[in-house]
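Engineer: Position 18 of the sequence shown, counting from 1, maps to 18 under the UniProt record's numbering, and the rest follow consecutively. Glycine is no exception: its CB is placed at the ideal position from the N, C-alpha and C atoms. Dumping the structure here so I can ask a few things about it.
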Amino acid sequence: MAAAGMRKPLDVLLSDIDFLNEYLLELSERFRSEGNTEEAERANDWAMLTDEITDRLSE
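What follows is the structure, encoded as structure tokens:
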């Protein structure tokens, strides 16, 4: 039995993926503000991929 306060591995993974998603979205915004459209789109595409991964793991 898990100790009090311990999180399940899936919860930890989902939390890490969510953190990565937020980072990628912020990176995309920063690239866009700097005029780096191609890099902004690439970061946004990766962020969308993390959304898809989270959705599939949450099923």
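#1: Exposed or buried, THR50, counting other C-beta atoms within 10 Å across all chains shown (16 or more means buried)?
#2: Since ASN44 is in the alpha helix (DSSP H), which residue starts that stretch and which ends it?
#3: LEU13 to GLU26, Cα distance in whole Å?
#4: Relative to the alpha-carbon of ASN21, which residue among ASN44, GLU59 and SER33 has its alpha-carbon at the smallest distance?
Structural biologist: Reading it off the structure:
#1: buried
#2: According to the DSSP assignment, ASN44 belongs to the alpha helix (DSSP H) that extends over 37-57.
#3: 20 Å
#4: ASN44
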